[in-house]
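J.: So for the sequence shown, this note's numbering puts the first residue at -14; every next one is plus one. Where is the CB? At the ideal position from N, CA and C, for every residue including glycine.
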Amino acid sequence: MSKGKVYLVGAGPGDIELITLKGFRLLGKADVIFYDHLSSAQLLEFAKPDAETISVGKFASKHTLPQGEINKRLVDKAKDGNVVVRLKGGDCYLFGRGGEEAEACLEADVEFEVVPGITSALAVPCYAGIPPTHRDCTSNIAIVTGHRKAGDTRPIDIPKAGTVVFLMSVGNIQNIVESLLREGWSKDALIAAVERGTCYDQRVVKGNLGNFIEVAEKAKLRKPAIFIVGKVVEMQEKLDWFGKKPNVLVLGNHPERYKHLGNIVHRRIIECAGADDFSQVDEVVERIADFDWIIFTSVNGAKNLFPRLAKKGLDARSLANVKIAAIGSTTAAKLSEYGIIPDMVAVTESSAGLLEEFAKIDVSGKKIFLPQAEVSSKELPDGLVAMGVEIEKTVVYKTVDIEPAPVDFDYIDAILFTSGSTVRAFLKHFKEVPAGIKVYGLGAPTLAVANEYGIDGEPMPKDPNA
Ligand code: SAH
-14 MSKGKVYLVG AGPGDIELIT LKGFRLLGKA DVIFYDHLSS AQLLEFAKPD
36 AETISVGKFA SKHTLPQGEI NKRLVDKAKD GNVVVRLKGG DCYLFGRGGE
86 EAEACLEADV EFEVVPGITS ALAVPCYAGI PPTHRDCTSN IAIVTGHRKA
136 GDTRPIDIPK AGTVVFLMSV GNIQNIVESL LREGWSKDAL IAAVERGTCY
186 DQRVVKGNLG NFIEVAEKAK LRKPAIFIVG KVVEMQEKLD WFGKKPNVLV
236 LGNHPERYKH LGNIVHRRII ECAGADDFSQ VDEVVERIAD FDWIIFTSVN
286 GAKNLFPRLA KKGLDARSLA NVKIAAIGST TAAKLSEYGI IPDMVAVTES
336 SAGLLEEFAK IDVSGKKIFL PQAEVSSKEL PDGLVAMGVE IEKTVVYKTV
386 DIEPAPVDFD YIDAILFTSG STVRAFLKHF KEVPAGIKVY GLGAPTLAVA
436 NEYGIDGEPM PKDPNA
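(1) Among residues of its own chain, excluding the 5 on either side of V332, which ones have a beta-carbon nearer than 8 Å to its beta-carbon?
(2) Counting along the chain, where does the alpha helix (DSSP H) carrying V(-6) start and finish?
(3) The ligand SAH and P209: does the residue's C-beta get closer than 6 Å to at least one heavy atom of that ligand?
(4) With DSSP collapsed to three states, give me the class of Q27.
(5) With respect to 6 Å, is the separation between the Cβ of M153 and the closest non-hydrogen atom of the ligand SAH below this value?
(6) Report whether the distance from the Cβ of S25 to the nearest heavy atom of the ligand SAH is below 6 Å.
(7) Decide yes or no for the touch test of the stretch 202 to 216 against the stretch 373 to 381: beta carbon pairs closer than 8 Å, at least 3 of them.
(8) Provide the residue span of the alpha helix (DSSP H) that contains E86, from first to last.
(9) Out of curiosity, what's the CA-to-CA distance linking I115 and V150?
(10) Is any non-hydrogen atom of the ligand SAH found closer than 6 Å to the C-beta of G298, if you look at the structure I gave you?
(11) Please tell me whether D386 and A410 are closer than 7 Å, where the distance is taken between their beta carbons.
(12) How many angstroms separate the CA atom of I1 from the CA atom of V374?
(13) How should Y185 be labelled, buried or exposed, when 16 other C-beta atoms within 10 angstroms of its C-beta is the threshold for buried?
(14) Going by other Cβ atoms of all chains shown within 10 Å of its Cβ, with 16 needed for buried, is S314 buried or exposed?
(15) Can you give the Cα-Cα distance for P144 and E202, rounded to whole angstroms?
(16) Would you mind sorting E54 into buried or exposed? The rule is 16 or more other CB atoms within 10 Å of its CB.
(17) Measuring only from the beta carbon, is L107 closer than 6 Å to any heavy atom that is part of the ligand SAH?
(18) Provide the residue span of the alpha helix (DSSP H) that contains T286, from first to last.
(19) Does the ligand SAH have a heavy atom nearer than 6 Å to the CB of P101?
(20) Do three or more CB pairs link the stretch 342 to 361 to the stretch 271 to 286 at distances below 8 Å?
(21) What are the start and end residues of the alpha helix (DSSP H) that includes Q453?
(22) Pull the bridge partners of K191 from the DSSP assignment, please.
(23) According to DSSP, is C77 part of a helix, a strand, or is it coil?
(24) For the pair the stretch 427 to 440 and the stretch 273 to 281, tell me if three or more CB-CB distances fall below 8 Å.
(25) Can you find a heavy atom of the ligand SAH that lies under 6 Å from the Cβ of D76?
(26) Since G147 and T123 should fall inside the 8 Å C-beta cutoff, what is the C-beta to C-beta distance between them, to a whole number of angstroms?
(27) Can you tell me whether N232 is buried or exposed, with buried defined as 16 or more other CB within 10 angstroms of its CB?
(28) Jot down the residue ranges of each uninterrupted beta strand (DSSP E) in the stretch 340 to 372, minimum 3 residues, whole runs only, in chain order.
(29) Can you give me the Cβ contacts of D76 inside the same chain, cut-off strictly under 6 Å, excluding the 5 residues immediately before and after it?
(30) Assign S46 to buried or exposed, taking buried as 16 or more other Cβ atoms, counted over all protein chains shown, within 10 Å of its Cβ.
(31) Buried or exposed: which applies to Y438, given that a residue is buried once 16 or more other Cβ atoms fall within 10 Å of its Cβ?
(32) Taking the alpha helix (DSSP H) that I489 falls in, what are its first and last residues?
(33) Taking the beta strand (DSSP E) that S40 falls in, what are its first and last residues?
(34) Looking only at its chain, what residues have a beta carbon closer than 7 Å to the beta carbon of L107, apart from the 5 residues adjacent to it on each side?
(35) Which complete beta strand (DSSP E) runs does the stretch 90 to 151 hold, if anything under 3 residues is left out?
(36) Compute the Euclidean distance between the alpha carbons of E85 and G8, then round it to the nearest angstrom.
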């Protein structure tokens, strides 16, 4: 049996891209992952498909496993020979009881390593537009827990610093304000609360020590939140780079491709699976070399067709005399994994884009194979038939709806639909596009589907830097 090991990994403060490269690599390697933080739950998408994932508590709720029990489970899983990743919000060791988990490993003679994470104490001010130190304001910062056991009213120790950041403080605002005033801070000193920092629904609530109790009460602060006290809060509006970007809900895959639109809120709503029945595909594969062209309109076409060839002992060489077209660069990249460099890649990534390319050559009388989805637009096959092509379509994959994580539409500025299937799945789950939210479609067929359902949209703006 291989020797197990525990990695305590800082997951970062919320924005899942703020995990470290090392943490990300270990996540993909772990046999067992323990998590308890919102962002951690989303990070599980990057785990091995057969990794065991164990929730040890719901963030900001009381359903949390006692620390002793967490320590025991970590150790037991490692002793069973597993690579264990314990994902922890922010940094592992800052108010996270990571130290205790490391001690438990040591006591049980289980090897462990710690991967630091980006702490909310620094990342959240950054995403809120507040540099914790600034030459014009202060050169030091203190990080303090505002948490007290219920009923403990003793003042909080306030270290001498130009900026004080409080974690775990929403339930203890009055004591925090009074402790600061007692320490000599002025009633005019600025304070900012930042809720759900680095997430799309981040909110900044500002006041001064004189009015903050009232301001916080009115704002009905949500958890998690941090408080930042000091002159640096003056910078907030000026440096609010994150809050100024629109939040765009992206349904579908490859959210990283749409970063130019704003802060991407990614929700997977459909998943692709192989066709229910491959017998027709297998029959086509028998005579695959007879086609003049094969057109791949998605990575899923490639992902589901090539294994059928492999089953018959065939590989890319069986397509030596067949020309290959891809709808765009992502599909082309997928094809390269199977040893294929496409003869044609549409410049405009859509059916219309492919038709434009085919219109430039003479395809009349040619035999074209189109591996496609169960539900797919007719634009491409109809367009090709009009060019005199003999087309053969076969279903190689289908889309399956999946339950998306909830979305707070109060914080969404726009929605990007990447395919007709995402429009249908969206409406099934969310019923309608709430008023005031802009709709983008990746291509004309997607917008046409949206239109069928009475949704007005516009083409996705292009990335000016692409
Ligand atoms: N180890 C963590 C802190 C754990 S204590 C870290 O390094 O960030 C939990 C506290 O962290 C919360 O009560 C809150 O004050 C703060 N926190 C964590 N994530 C946050 C977020 N996204 N926005 C605001 N505060 C957050």
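T.: On the basis of the coordinates in this document:
(1) Here the set comprises G338, E341 and E342.
(2) Premise fails: V(-6) lies in the beta strand (DSSP E), K(-10) to G(-3), not in any alpha helix (DSSP H).
(3) Under cutoff, so the answer is yes.
(4) It is helical.
(5) Checking the 6 Å criterion, the Cβ of M153 is within range of a heavy atom belonging to the ligand SAH.
(6) The answer is no for S25.
(7) Judged by Cβ distances under 8 Å, the stretch 202 to 216 makes no contact with the stretch 373 to 381, as fewer than three pairs qualify.
(8) Residue range G83 to E92 is occupied by the alpha helix (DSSP H) that includes E86.
(9) Taking the straight line joining both Cα atoms gives about 11 Å.
(10) Answer for G298: no, Cβ out of range of the ligand SAH.
(11) Contact: yes.
(12) If I take the Cα positions, the gap works out to 47 Å.
(13) Result: buried.
(14) The residue in question, S314, is exposed, as its Cβ has fewer than 16 Cβ neighbours within 10 Å.
(15) When rounded, the distance between both Cα atoms is 26 Å.
(16) With fewer than 16 Cβ atoms within 10 Å of its Cβ, E54 is classed as exposed.
(17) No, the Cβ of L107 stays beyond 6 Å of every heavy atom of the ligand SAH.
(18) It is worth fixing the name first, because residue 286 is Gly in this sequence and not Thr. From DSSP, the alpha helix (DSSP H) with G286 extends over V284 to K296.
(19) In this structure, the ligand SAH has no non-hydrogen atom nearer than 6 Å to the beta-carbon of P101.
(20) The stretch 342 to 361 makes contact with the stretch 271 to 286; the number of CB pairs closer than 8 Å reaches 3 or more.
(21) This structure cannot settle anything about residue 453, because the visible part of the chain is limited to -14 through 451.
(22) Residue pairing from DSSP places K191 in a beta bridge opposite A177.
(23) In this structure, C77 counts as coil in the three-state DSSP scheme.
(24) Under the 8 Å Cβ criterion, the stretch 427 to 440 does not count as touching the stretch 273 to 281, having fewer than three qualifying pairs.
(25) Yes; taking the cut-off as 6 Å, the Cβ of D76 has a heavy atom of the ligand SAH nearer than that.
(26) Between T123 and G147 the Cβ distance is about 2 Å, and since that is below 8 Å, they are a contact.
(27) Burial call: buried.
(28) Whole beta strand (DSSP E) segments, 3+ residues: 352 to 358.
(29) G(-5), P101, G102 and T104.
(30) Confidence at S46 is low in this model, with a pLDDT of 49, below 50, so the placement of that residue should be treated as unreliable; the coordinate-derived value is given next. In the assembly as shown, S46 is an exposed residue. Its beta-carbon has fewer than 16 other beta-carbons within 10 Å.
(31) With fewer than 16 other Cβ atoms within 10 Å, it is exposed.
(32) The requested residue 489 is not part of the displayed model; the chain covers only -14 to 451.
(33) Note, S40: beta strand (DSSP E), E37 to S40.
(34) So the qualifying residues of the chain are P117.
(35) Fully enclosed beta strand (DSSP E) runs of 3 or longer: 97 to 100 and 126 to 130.
(36) Roughly 20 Å separates the two Cα atoms.
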